[in-house]
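Those letters in the sequence shown? Residues 22 to 690, by the working numbering. Read through the structure below, which is laid out as C-alpha cells, and then see the notes.
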Amino acid sequence: MSLKQAKQSAAPRFGRLDADLADVESAVVRSRDFLFSQQHPDGYWCGELEADSMLEADYIYLHTQLESGDPERLKRAFTEMMRYQNEDGSWSIYPGGPGNVSLSVKCYFSAKLMGIGADDPRLAKCREWVLAHGGVVACNTFTKMYLCGLGQYDYDAVPAIPPEIVLFPNWFYFNIYEISAWSRSILVPLAIIYAKKPYKKIPPEQGIDELFVGGRANSILRLRRDRKSTISWRNFFIVLDRLMHWAEAVHLRPVRTLALRKAEKWLLERLEMSDGLGAIYPAMLNAIIALRCLGYSEDDPQVIRARDEFEKLGIEQSPTAGMPEPTFRMQPCASPVWDTAQAVFVLGEAGVPRNDPRLIKAADWMLSKEVRHKGDWAVKVPGTEPGGWYFEFNNEFYPDTDDTAQVLLALNKVDNPRERYQHEVAERAIEWEFAMQCRNGGWGSFDKDNTKMIFQYIPFADHNAMLDPPTVDITGRILEMLANYGYTRDDKRVEKAIKFIFKEQEPDGSWFGRWGVNYIYGTFLVLRGLEAIGVDHLEPQIQQAAEWIRMVQNADGGWGETCGSYDDPNMRGIGPSTPSQTAWAMLGLLAAGDDRSDSIAKGVRWLLTRQKPDGSWDESMGDGPTRQNIITGTGFPRVFYLSYDMYRQYFPLLALTSYRRAMERKDSF
Numbered sequence: 022m023s024l025k026q027a028k029q030s031a032a033p034r035f036g037r038l039d040a041d042l043a044d045v046e047s048a049v050v051r052s053r054d055f056l057f058s059q060q061h062p063d064g065y066w067c068g069e070l071e072a073d074s075m076l077e078a079d080y081i082y083l084h085t086q087l088e089s090g091d092p093e094r095l096k097r098a099f100t101e102m103m104r105y106q107n108e109d110g111s112w113s114i115y116p117g118g119p120g121n122v123s124l125s126v127k128c129y130f131s132a133k134l135m136g137i138g139a140d141d142p143r144l145a146k147c148r149e150w151v152l153a154h155g156g157v158v159a160c161n162t163f164t165k166m167y168l169c170g171l172g173q174y175d176y177d178a179v180p181a182i183p184p185e186i187v188l189f190p191n192w193f194y195f196n197i198y199e200i201s202a203w204s205r206s207i208l209v210p211l212a213i214i215y216a217k218k219p220y221k222k223i224p225p226e227q228g229i230d231e232l233f234v235g236g237r238a239n240s241i242l243r244l245r246r247d248r249k250s251t252i253s254w255r256n257f258f259i260v261l262d263r264l265m266h267w268a269e270a271v272h273l274r275p276v277r278t279l280a281l282r283k284a285e286k287w288l289l290e291r292l293e294m295s296d297g298l299g300a301i302y303p304a305m306l307n308a309i310i311a312l313r314c315l316g317y318s319e320d321d322p323q324v325i326r327a328r329d330e331f332e333k334l335g336i337e338q339s340p341t342a343g344m345p346e347p348t349f350r351m352q353p354c355a356s357p358v359w360d361t362a363q364a365v366f367v368l369g370e371a372g373v374p375r376n377d378p379r380l381i382k383a384a385d386w387m388l389s390k391e392v393r394h395k396g397d398w399a400v401k402v403p404g405t406e407p408g409g410w411y412f413e414f415n416n417e418f419y420p421d422t423d424d425t426a427q428v429l430l431a432l433n434k435v436d437n438p439r440e441r442y443q444h445e446v447a448e449r450a451i452e453w454e455f456a457m458q459c460r461n462g463g464w465g466s467f468d469k470d471n472t473k474m475i476f477q478y479i480p481f482a483d484h485n486a487m488l489d490p491p492t493v494d495i496t497g498r499i500l501e502m503l504a505n506y507g508y509t510r511d512d513k514r515v516e517k518a519i520k521f522i523f524k525e526q527e528p529d530g531s532w533f534g535r536w537g538v539n540y541i542y543g544t545f546l547v548l549r550g551l552e553a554i555g556v557d558h559l560e561p562q563i564q565q566a567a568e569w570i571r572m573v574q575n576a577d578g579g580w581g582e583t584c585g586s587y588d589d590p591n592m593r594g595i596g597p598s599t600p601s602q603t604a605w606a607m608l609g610l611l612a613a614g615d616d617r618s619d620s621i622a623k624g625v626r627w628l629l630t631r632q633k634p635d636g637s638w639d640e641s642m643g644d645g646p647t648r649q650n651i652i653t654g655t656g657f658p659r660v661f662y663l664s665y666d667m668y669r670q671y672f673p674l675l676a677l678t679s680y681r682r683a684m685e686r687k688d689s690f
C-alpha cells in the first residue's frame with residue numbers, strides 16, 4: 022500500500038473511520054488461500070448441501086418399503102434426524118422456523134419404523150403438536166403418497182396422479198412440459214407408483230393411526246366433506262380428481278398400459294447421462310420405487326445404478342466433541358458446477374492471474390461438463406443447438422440458465438490455452454441463453470415460458486413448485502454475464518430484460534429472491550446486473566434499492582434475512598447477520614455506487630472481525646448436537662430450503678475484493 026493510501030486509510034473519511042485497506046487485503050489473501058485449499062485435485066469445487074430432516078426420514082422410509090439398507094446406517098440416519106426435533110416436538114424446514122406438519126409426520130413415522138414406541142417422550146410431544154395442527158390429513162400429497170406405500174393412508178384419498186399425463190402431446194395445454202422441470206422429474210415416477218399402488222404391510226405398532234384427528238376413517242371422510250362447493254379452478258380440478266378416482270375404482274383405464282409404457286421409456290431415457298433421475302433426491306427416490314413397481318428386480322442394472330447414485334448423496338459423520346454419536350445424513354443433490362463457477366469467478370475478481378494453472382484446470386473441468394444433447398428444454402425451443410451447463414456432476418437433460426450464466430462469468434476470468442475452443446463453447450451457451458429468454462424479457466431456470474398459473478390449482482400441486490417462471494435474480498446474473506461478453510443496452514433483448522426487472526421491483530425498492538434468501542439476494546443480483554449492463558446508478562430505482570439495503574442493516578453492522586420472509590413479506594431483510602447475506606448486501610450497495618456510507622464501512626468491519634484465522638467464515642447457530650448451518654439458499658419457497666456450504670466463503674471474498682477495488686479507484690483520483 023502506498024503512503025498516500027496509508028494516510029487516507031488512517032484518516033477519518035466522511036465523518037467515520039474506514040477499514041484499513043491493509044486489513045482488507047490481508048483478509049482477501051487469507052480467504053483466497055482457504056478457497057484454493059478446498060479445490061479438488063480434478064479441478065472442481067463442491068461444498069456440502071444441507072437441507073431439513075426430510076432427507077433422513079425419507080431414507081428410512083425407502084429402505085423400509087424395499088426391505089433393504091444397512092441397519093447400522095439407518096440407525097445413524099435416525100440419530101441425525103432426531104437431532105433437529107424442536108422443543109415443541111415438531112420439525113422445521115429451516116433452523117429457527119416454525120414446525121411443519123408434513124415433515125413432522127414423516128419424522129414421527131420414521132422413528133416408529135426404527136422401533137421407537139409411541140410412548141417415547143419425544144414422539145408423545147410430536148404427536149401432540151401434529152394433532153394440534155390438523156393431523157395427517159394436513160400433510161401434502163407427496164407425504165400422503167409415501168404413507169400409502171406402507172398402508173398408513175388410502176390411495177383413494179390422495180389426489181390422483183395418473184400416468185396418462187405423459188400421453189398428452191406437446192402442443193396440448195396440459196402437457197407435462199408445462200410444469201417445472203423438477204416437478205416433472207418427481208411426478209412421472211410418482212405417477213407410475215400411483216398406478217401400481219405398492220403396499221407393504223408393517224407391524225401394527227409401527228403404524229401412525231394415532232396421528233389422525235378423530236381417527237383415521239373419520240378424519241379422511243371429514244376432509245372430503247369439507248371441500249367447498251364454490252366455482253373455481255381448484256374445485257374444477259377436485260371434481261376431475263374424483264372422476265379419475267372413480268375410473269380407477271371401476272378399472273376404466275383404456276390407455277393405462279400404453280401410458281405406463283411411455284412413462285417407463287421417459288424414465289429410462291432420463292436415467293442416462295445423469296446422476297440419477299434429475300440428479301435430485303426426491304426424483305431419484307421415486308425412480309427407485311417406480312422401477313421396482315414396474316417389475317425390475319433388485320439385481321437389475323437399472324435398479325443397481327439408481328440405488329448407487331442415490332446412496333452417493335450420503336455423508337457419514339464420525340463422532341465429534343459436539344456430537345458424540347456417529348451420524349449419517351443425505352444431501353438433496355451435489356453442486357460441483359455451481360460451486361466451481363462461483364469460486365473461479367470470485368478468485369479471478371480477487372486478483373488471481375488469468376493464467377493460473379489452478380484456474381485453467383477448473384475451466385477445463387467446467388468445459389468438460391458442457392451440455393451437448395437436447396433435453397426437456399428443447400420442447401419449447403426445438404431449433405436451438407444444445408449448450409449451457411447443469412448444477413451437478415452429470416445431468417445432461419437439465420441444464421439451467423443460472424448455472425450457465427455463472428459458468429460463462431467464470432470462464433471470462435481465465436486465459437485458457439484452448440482459447441478458440443473456449444470461445445466457441447461460450448458463444449454456443451450465450452445463444453442458448455438468448456433462446457431461453459421468456460416473452461416478458463426475464464429468464465426462468467430450466468424452461469422457457471413455464472408460466473401457466475392454472476397448474477397451481479391441480480390437487481397434487483400442493484408442494485408449491487409446479488412452475489418455473491422468470492425471476493429477477495437469474496435475469497440480473499444473466500445481464501452481468503452478457504455485459505462481460507460485450508453486450509449493451511443497444512441489444513433489444515437486453516433492454517427487454519431491464520424493463521422486466523424494473524417492472525418487478527417492490528414498492529420499498531427491493532426485489533424478490535427466488536433462488537436465495539430472499540429480498541437481499543434478489544436485490545444484490547439485480548443491482549449487479551444493472552450496473553454491469555450500463556444502467557446509471559443515479560436512477561431513482563437504483564437509489565431506492567440501495568436505501569432499502571441500508572435501512573435493513575442490523576445494529577451489529579451485518580445483514581441477515583430468514584426464510585420467514587417467504588411466508589411474510591413484512592419480514593423482508595430481517596434476521597441475524599450472516600457472512601453470505603452481509604456480502605450480498607455490500608455487493609448490492611457497491612453496485613449502486615455506494616462506496617462511502619457508514620453502512621458499507623460497518624459491513625466491511627463485520628466481515629473482517631468474524632473471519633477465522635484460516636480465512637474462512639462460519640454461518641451456524643446452536644451448539645453441540647443442536648448446531649445447524651443457517652439457511653441462505655432456496656429450493657422451493659415455503660417448502661424446501663438449502664444451506665450451501667461454500668456461500669459463506671466465496672461471497673464474502675467477492676464483497677471484500679469489490680470494496681478494495683472501489684477504495685483503490687477512489688484513491689487514484
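Using N, Cα and C, we set each Cβ at its ideal position, and we do this for glycine too. What you are looking at is a predicted structure, and each value in this text was computed from that prediction instead of being measured.
- Glu560 and Ile114 have their C-alpha atoms roughly 39 Å apart.
- Bounds of the beta strand (DSSP E) holding Gln338 are Gly335 to Gln338.
- Here Trp410 is bridged, per DSSP, to Asp421.
- The three-state reading of DSSP puts Asn416 in strand, counting E and B together.
- Look at Gln106 here: in three-state DSSP terms it is coil, with no helix or strand label.
- Residues Val122, Ser125, Val126, Tyr129 and Leu232 of the same chain have their beta carbon placed closer than 7 Å to that of Val151, with the five preceding and five following residues left out of the count.
- Around the beta carbon of Ala576, a 10 Å sphere encloses fewer than 16 other beta carbons of the protein chains shown; the residue is thus reported as exposed.
- Less than 9 Å separates the beta-carbon of Asn461 from that of Lys517.
- When DSSP reads this structure, Asp557 sits in no beta bridge, so it has no partner.
- Between Pro491 and Gly537, the beta carbon gap of about 16 Å keeps them out of contact (Cβ cut-off 8 Å).
- For Leu663, there is no enclosing alpha helix (DSSP H); the enclosing beta strand (DSSP E) has its first and last residue at Phe661 to Tyr665.
- For Arg277, no beta strand (DSSP E) run applies; the uninterrupted alpha helix (DSSP H) run containing it begins and ends at Arg277 to Leu292, by DSSP.
- Taken in chain order, the whole alpha helix (DSSP H) runs of length 4 or more contained in the region 166-227 are 202-217.
- Boundaries of the beta strand (DSSP E) around Thr348: Thr348 to Met351.
- Pairing Trp287 with Val392 gives a Cβ-Cβ distance that is not under 9 Å.
- According to DSSP, Thr492 shares a beta bridge with Trp464.
- Contact annotation: the region 194-205 does not touch the region 102-113, with fewer than three C-beta pairs closer than 8 Å.
- About 6 Å separates the beta carbons of Val179 and Thr162, which is inside the 8 Å limit, making them a contact pair.
- Look at the beta carbons and you see the region 581-596 not touching the region 628-647: under three pairs across the two are nearer than 8 Å.
- Beyond the five residues adjoining it in sequence on each side, Arg626 comes within less than 7 Å, by CB distance, of Ala40 and Gly578 in the same chain, given in chain order.
- When C-beta atoms of the region 305-324 are compared with those of the region 384-399, fewer than three pairs fall below 8 Å, so the two segments do not count as touching.
- About 13 Å separates the CB atoms of Arg51 and Leu368; that is not less than 8 Å, and the two are not in contact.
- A distance of 9 Å or more separates the beta carbons of Asp397 and Phe414.
- Rounded to the nearest whole angstrom, the C-alpha separation of Leu168 and Ile214 is 12 Å.
- With a cutoff of 9 Å on beta-carbon distance, Thr348 and Ala132 are scored as not near each other.
- Phe455: member of the alpha helix (DSSP H) spanning Glu440 to Ala456, first to last residue.
- Counting the other Cβ atoms within 10 Å of the Cβ of Gly372 gives fewer than 16, which makes it exposed.
- Separation of Ala72 and Ile651 (C-alpha to C-alpha, rounded to the nearest whole angstrom) is 10 Å.
- The C-beta of Pro224 has fewer than 16 other C-beta atoms within 10 Å across all chains shown, which makes the residue exposed.
- Distances from the alpha-carbon of Pro275 to those of Cys354, Pro184, Tyr411 and Pro420 put Pro184 closest.
- The Cβ atoms of Arg535 and Gly543 lie closer than 9 Å to each other.
- Contact annotation, Met344 with Glu77: C-beta distance approximately 14 Å; criterion of less than 8 Å not satisfied.
- The alpha carbon of Pro646 has as its nearest neighbour, out of Pro340, Asp230 and Lys524, the alpha carbon of Pro340.
- With contacts defined as CB atoms closer than 9 Å, Ile229 and Val158 fail to qualify as a contacting pair.
- Contact annotation: Gly299 and Ile207 have beta-carbon atoms nearer than 9 Å.
- In the DSSP annotation of this structure, the continuous segment of the beta strand (DSSP E) that includes Gly654 starts and ends at Gly654 to Phe657.
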